[in-house]
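Visitor: Read top to bottom, the protein sequences are chains C, Z and A.
My numbering applies: residue 1 is where the first sequence begins, and numbers increase by one.
My numbering applies: residue 1 is where the second sequence begins, and numbers increase by one.
My numbering applies: residue 1 is where the third sequence begins, and numbers increase by one.
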Amino acid sequence: MSPLLEAEGLTLRFGALRALDGVSLALWPGEVVAVVGESGSGKSSLLRALSGLARPEAGRVLYRDAAGAACDVHALSEAERRRIARSDWGHVHQNPRDGLRMGVSAGANIGERLMAAGARHYGGIRAAAAEWMARVELDPARIDDLPRHFSGGMQQRLQIARCLVTRPRLVFMDEPTGGLDVSVQARLLDLIRALVEELGLAVLLVTHDIAAARLLAHRIVVMRQGRIVEEGLADRVLDDPQHPYTQLLVASVLAA
Amino acid sequence: MRDPVRSPEGAGAPGAEHRRREPEGRDPHYNFAYLDEATKRMIRRAILKAIAIPGHQIPFGAREMPLPYGWGTGGIQVTASILGPSDVLKVIDQGADDTTNAVSIRRFFARTAGVATTTRTAEATVIQTRHRIPERPLREDQILVFQVPMPEPLFRLEPRLAETRRLHALADYSLAQVKLYEDIAQQGESASSYNHPVLVNGRYLMSPSPIPGFDNPKLDRNPALLLFGAGREKKIYAVPPYTPVKSLDFDDHPFAPMRAPHPCALCGSTTHYLDEIVTDDRGGRMFVCSDTDACAEAAGRAGAAR
Amino acid sequence: MSPVLVVEGLCKGFTLHLQGGVSFPVLRGESLALMPGECVALAGPSGAGKSTLLRCVAGNYGAGAGRILIRHRGAMRDLAAADARLVREIRTETLGHVSQFLRVIPRVPALDIVAAPLLARGAGRAEARARAAALLARLNLPERLHHLPPATFSGGEQQRVNLARGFVAPNAVLLLDEPTASLDAANRAVVAALIREAKAAGTAILGIFHDSELRDRVADRLHAVDPLEPAA
Numbered sequence: 001m002s003p004l005l006e007a008e009g010l011t012l013r014f015g016a017l018r019a020l021d022g023v024s025l026a027l028w029p030g031e032v033v034a035v036v037g038e039s040g041s042g043k044s045s046l047l048r049a050l051s052g053l054a055r056p057e058a059g060r061v062l063y064r065d066a067a068g069a070a071c072d073v074h075a076l077s078e079a080e081r082r083r084i085a086r087s088d089w090g091h092v093h094q095n096p097r098d099g100l101r102m103g104v105s106a107g108a109n110i111g112e113r114l115m116a117a118g119a120r121h122y123g124g125i126r127a128a129a130a131e132w133m134a135r136v137e138l139d140p141a142r143i144d145d146l147p148r149h150f151s152g153g154m155q156q157r158l159q160i161a162r163c164l165v166t167r168p169r170l171v172f173m174d175e176p177t178g179g180l181d182v183s184v185q186a187r188l189l190d191l192i193r194a195l196v197e198e199l200g201l202a203v204l205l206v207t208h209d210i211a212a213a214r215l216l217a218h219r220i221v222v223m224r225q226g227r228i229v230e231e232g233l234a235d236r237v238l239d240d241p242q243h244p245y246t247q248l249l250v251a252s253v254l255a256a
Numbered sequence: 001m002r003d004p005v006r007s008p009e010g011a012g013a014p015g016a017e018h019r020r021r022e023p024e025g026r027d028p029h030y031n032f033a034y035l036d037e038a039t040k041r042m043i044r045r046a047i048l049k050a051i052a053i054p055g056h057q058i059p060f061g062a063r064e065m066p067l068p069y070g071w072g073t074g075g076i077q078v079t080a081s082i083l084g085p086s087d088v089l090k091v092i093d094q095g096a097d098d099t100t101n102a103v104s105i106r107r108f109f110a111r112t113a114g115v116a117t118t119t120r121t122a123e124a125t126v127i128q129t130r131h132r133i134p135e136r137p138l139r140e141d142q143i144l145v146f147q148v149p150m151p152e153p154l155f156r157l158e159p160r161l162a163e164t165r166r167l168h169a170l171a172d173y174s175l176a177q178v179k180l181y182e183d184i185a186q187q188g189e190s191a192s193s194y195n196h197p198v199l200v201n202g203r204y205l206m207s208p209s210p211i212p213g214f215d216n217p218k219l220d221r222n223p224a225l226l227l228f229g230a231g232r233e234k235k236i237y238a239v240p241p242y243t244p245v246k247s248l249d250f251d252d253h254p255f256a257p258m259r260a261p262h263p264c265a266l267c268g269s270t271t272h273y274l275d276e277i278v279t280d281d282r283g284g285r286m287f288v289c290s291d292t293d294a295c296a297e298a299a300g301r302a303g304a305a306r
Numbered sequence: 001m002s003p004v005l006v007v008e009g010l011c012k013g014f015t016l017h018l019q020g021g022v023s024f025p026v027l028r029g030e031s032l033a034l035m036p037g038e039c040v041a042l043a044g045p046s047g048a049g050k051s052t053l054l055r056c057v058a059g060n061y062g063a064g065a066g067r068i069l070i071r072h073r074g075a076m077r078d079l080a081a082a083d084a085r086l087v088r089e090i091r092t093e094t095l096g097h098v099s100q101f102l103r104v105i106p107r108v109p110a111l112d113i114v115a116a117p118l119l120a121r122g123a124g125r126a127e128a129r130a131r132a133a134a135l136l137a138r139l140n141l142p143e144r145l146h147h148l149p150p151a152t153f154s155g156g157e158q159q160r161v162n163l164a165r166g167f168v169a170p171n172a173v174l175l176l177d178e179p180t181a182s183l184d185a186a187n188r189a190v191v192a193a194l195i196r197e198a199k200a201a202g203t204a205i206l207g208i209f210h211d212s213e214l215r216d217r218v219a220d221r222l223h224a225v226d227p228l229e230p231a232a
């Protein structure tokens, strides 16, 4: 078995600020990796560089498709990158407005990726949308409602359904529970955990929520000032942190 | 000189003269067909490019025309650029030859180009149209020029023009399909009774201009050259003769052109596209052909049969 | 017969960077070996590092030095040097761990927590649930609780869920950290029986048993973990 996504020596600067400073990382099929760190640690830049949205100044990102062929994400044409992004990958944004079309119904939001993949049977698309609404614990009777009539947690679940309906192999999640009430967060995290397990998804999760990382991740990567300062098994990083910064992160959470 | 405005009772009277030269002839104060030669060359270049890439919108330097946007400035510039002295021009507005817009444009070219004009589809070599395709099948030696208010089919779905250009480049038209899904979900059927988007030659998504869905099938493999001009948006696009044009739809909700289920009150046609006309303020209404020439022809045939 | 678990020269210390970088060693040169079907009880005073040793073997703590060899898929693999993926694989197939406290996952019912190790090894959902339910019943957890998330359970109920999760699938090596701390006599007897059955099936068990009666009933031998003198 080979890694699904493999990054080597990623470097990205914004002026004098080093957002990424020689970051290397591999993500294996079915593996959930949480990237934790404070704001400005470079974790979002890492996600953007890995998913092809931001081009690093140095380093490369390899993605292996289902057939095992490797491609350099940043050497792809935009058409190829978009094709992979909508067939093999999913993206769950912190703000549902970035991941949903607020002007069209829940069903159309879920169906869009199917249609982009060539689905042209209205009844089939609608059935898939209803099924996925149920899977993310949304009432399928609301299939024709606009997302703006949904609560924040429901919008986030809708975003997940939209993302997973085409059965991606790799999902990028950027603070998926950010901005939600704690009780809503717990439900969403559990839903994500169950779906990820059931579908065997590989997930790259960017979060500053240590509890979310512990619940979802197999492996944790701790970032600070554009570098990975510690990485390893999720429970070991949290229970036996080595780096001073990781100890600080973990201590801050337990104190709360 | 006959009144160019057709009245229903006089329409299609046998022996009526349909082709004529406007009495004043070409006004020598204007360059031929109003536009200067350099502008026409620029527009022809855009047209050639448009023909080379069926359905793709080509930007062009639209000029100020002596009529306001929305009255066909794009169509007029295309017509002006392709018109030659021996052409016979027909202009229709929603199928009718006798509305202000159609009459004005026809007169405009009669005066600035001195070309013959006609109301008969069969006689025309160039037909400028607003929102219809004539009922009579077009021929290879005819050109149909559409007046287009909004050339971008993804307009309203994606507000950023740069992004719509990117979507066209990537042939990523799931958005248009989403819109179609939404129409069916919200209204039971594909709701766009006009301006229903089409895929040209299996590649570019195109707005057919606001023609009724009824006319969409006529776009497919039409023997005539179809040119589209949008003046305000400064875009030209084209469907070359015999190009496949497919209306977007779903397998289980195939595109179905619709027509009012009545015969025409004037000619009795059961196949032409109909306009609904309110005849009084007591709810009286009648359905008549939108294509006045086709209606007159059918009425003439009916009269001859009697 | 060869051992399934070999600990060689295991050292482990902690450096508290938030307390001015103070370091203290806990284990220095621990070595032990377990044969299949053998139960070894860690013995030593509180604070001697028994739990630390257990957690190092579980992979929960990183080893400072030394090797932790475990027979996995027919080969001895060094847990101390294994990457995260290999540790996960070993945990899924070879190494069970019953910690002192159940880590509760919100909204997941007790039955599914217990069935999870079976599912991870490819069992069908129905079969896994049935075996989980049978084991929970054997541990006297009322059936009405099977379908509830254990967050609201008592300490003893949570401990039984935790035990069931550890015993539901056969492991080559099973780590037990005070498995009966909050159980009554009847349930302690069930646990003793489970341990004996696991041993009979060839599972090597390394455990901390404060309950000396249970320890005497199941342990084949003791392994002493002696507290280190604070580094001078």
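Even glycine gets a Cβ: it sits at the ideal position worked out from N, Cα and C.
In this text, all values refer to a predicted model and were calculated from it rather than measured experimentally.
Between A151 (chain A) and E163 (chain Z), what straight-line distance do the alpha-carbon atoms span, to the nearest angstrom?
Guide: Whole-angstrom Cα-Cα distance: 49 Å.
Visitor: Please name the residues in the region 34-60 of chain C whose beta-carbon is closer than 9 Å to at least one beta-carbon of chain A, in chain order.
Guide: Within the region 34-60 of chain C, no residue has a Cβ that lies closer than 9 Å to any Cβ of chain A.
Visitor: Give the DSSP-derived three-state secondary structure of H97 (chain A) in the structure shown.
Guide: Correct three-state label for H97 (chain A): strand.
Visitor: Listing by chain order, which chain Z residues have their CB less than 7 Å from the CB of H121 (chain C)?
Guide: What H121 (chain C) touches in chain Z: F250, D251 and D252.
Visitor: Using the beta-carbon of each residue, which ones in chain Z are nearer than 8 Å to G111 (chain C)?
Guide: Within 8 Å Cβ-Cβ: V178 and Y181.
Visitor: For D172 (chain Z), decide whether its Cβ has a neighbour in chain C, counting only Cβ atoms nearer than 8 Å.
Guide: At least one chain C Cβ lies under 8 Å of D172 (chain Z).
Visitor: According to DSSP, what are the bridge partners of F14 (chain A)?
Guide: Its beta-bridge partners are A:F24.
Visitor: From this set, C:H91, C:G52, C:E57 and C:G30, which residue's C-alpha is nearest D72 (chain C)'s C-alpha?
Guide: Nearest C-alpha to D72 (chain C): C:G52.
Visitor: Quick one: which chain Z residues come within Cβ less than 8 Å of M115 (chain C)?
Guide: Near M115 (chain C) (Cβ distances below 8 Å), the residues of chain Z are S174, Q177, V178 and Y181.
Visitor: I want to see whether chain C comes within less than 8 Å of R67 (chain A), judged by CB atoms only; does it?
Guide: Cβ-Cβ to chain C under 8 Å: no for R67 (chain A).
Visitor: According to the neighbour-count rule (16 or more other Cβ atoms, all chains shown, within 10 Å of its Cβ), is Y310 (chain Z) buried or exposed?
Guide: Past the edges of chain Z, shown from 1 to 306, lies residue 310 (chain Z), and the structure says nothing about it.
Visitor: Under 8 Å, do Q147 (chain Z) and S193 (chain Z) count as touching if we go by C-beta distance?
Guide: Not a contact, by the Cβ cut-off of 8 Å.
Visitor: Within a Cβ cutoff of 6 Å, which residues of the same chain sit near V6 (chain A), ignoring the five residues on either side of it in sequence?
Guide: Excluding residues within five positions, the ones whose Cβ falls inside 6 Å are A33 and L69.
Visitor: Touching or not, the region 86-98 of chain Z and the region 288-299 of chain Z, by the rule of three or more beta carbon pairs under 8 Å?
Guide: They touch, by the three-pair rule.
Visitor: May I ask you to report which of helix, strand or coil DSSP gives F153 (chain A)?
Guide: Reduced to three states, the DSSP call for F153 (chain A) is coil.
Visitor: Scan the region 172-255 of chain Z and note each continuous alpha helix (DSSP H) run of 4 residues or more that stays entirely inside, going in chain order.
Guide: For the region 172-255 of chain Z, whole alpha helix (DSSP H) runs of length 4 or above, ordered along the chain, are 174-187 and 216-219.
Visitor: Three or more C-beta pairs closer than 8 Å, one from the region 71-88 of chain A and one from the region 153-166 of chain A: is that the case here?
Guide: These segments do not touch.
Visitor: Note the first and the last residue of the continuous beta strand (DSSP E) segment covering V23 (chain C).
Guide: Element bounds for V23 (chain C): L17 to L27.
Visitor: Pull up the DSSP beta-bridge partners for A113 (chain Z), would you.
Guide: DSSP lists no partner for A113 (chain Z).
Visitor: Measure how close the beta-carbons of I47 (chain Z) and A298 (chain Z) come, nearest whole angstrom, since I'm counting them as under 8 Å.
Guide: Their Cβ separation, rounded to whole angstroms, is 34 Å, which puts I47 (chain Z) and A298 (chain Z) out of contact at 8 Å.
Visitor: Taking 8 Å as the cut-off, does the region 110-121 of chain Z touch the region 81-90 of chain Z (at least 3 CB pairs, one atom from each stretch)?
Guide: The region 81-90 of chain Z, when compared against the region 110-121 of chain Z, does touch it at the 8 Å Cβ threshold.
Visitor: L228 (chain A): which of A:L10, A:A41, A:G49 and A:V4 sits nearest, CA to CA?
Guide: Checked all of A:L10, A:A41, A:G49 and A:V4; the closest Cα to L228 (chain A) is A:G49.
Visitor: Within its chain, find whatever has a CB closer than 6 Å to the CB of V229 (chain C); leave out the 5 residues flanking it on each side and keep chain order.
Guide: Answer for V229 (chain C): V222, H243 and Y245, listed in chain order.
Visitor: Quick check on DSSP: helix, strand or coil for M1 (chain C)?
Guide: Three-state DSSP puts M1 (chain C) in coil, outside helix and strand.
Visitor: Per the contact definition of three or more C-beta pairs closer than 8 Å, is the region 4-19 of chain A in contact with the region 38-56 of chain A?
Guide: Yes, they touch.
Visitor: Please list the terminal residues of the continuous alpha helix (DSSP H) segment that includes R125 (chain A).
Guide: Segment R125 to R138, the alpha helix (DSSP H) holding R125 (chain A).
Visitor: Rounded to whole angstroms, what's the CA-CA distance from R166 (chain Z) to E152 (chain Z)? Just pull it up for me.
Guide: When rounded, the distance between both Cα atoms is 13 Å.
Visitor: Output, in chain order, the set of chain C residues within a Cβ distance shorter than 9 Å of P179 (chain A).
Guide: Neighbours of P179 (chain A) on chain C: none; closest Cβ ~19 Å, over 9 Å.
Visitor: Using a Cβ-Cβ distance cut-off of 8 Å, determine whether V98 (chain A) contacts chain C.
Guide: Judged by the 8 Å Cβ criterion, V98 (chain A) is not in contact with chain C.
Visitor: Looking at the unbroken beta strand (DSSP E) that takes in L111 (chain A), where does it start and where does it end?
Guide: Per DSSP, L111 (chain A) belongs to no beta strand (DSSP E); it is in the alpha helix (DSSP H), A110 to A120.
Visitor: Would you mind stating whether T92 (chain A) and V173 (chain A) have Cβ atoms separated by less than 8 Å?
Guide: Not closer than 8 Å, so no.
Visitor: Since M328 (chain C) and P168 (chain C) are thought to touch, with beta carbons under 8 Å apart, how far apart are those beta carbons, to the nearest angstrom?
Guide: An answer regarding residue 328 (chain C) cannot be provided, because it is not within the stretch 1 to 256 covered by chain C.
Visitor: Going straight from the alpha carbon of A66 (chain C) to that of T177 (chain C), what length do you get?
Guide: Approximately 29 Å between the Cα atoms of the pair.
Visitor: What three-state label does DSSP hand R71 (chain A) in the structure shown?
Guide: Note: R71 (chain A) maps to strand in three-state DSSP.
Visitor: Mind listing the chain A neighbours of D190 (chain C)? Cutoff is C-beta to C-beta under 8 Å, in chain order.
Guide: The contacting residues are I105, P106, R107 and V108.
Visitor: Indicate whether at least one CB of chain A lies closer than 8 Å to the CB of G232 (chain C).
Guide: Yes, its Cβ sits closer than 8 Å to a Cβ of chain A.
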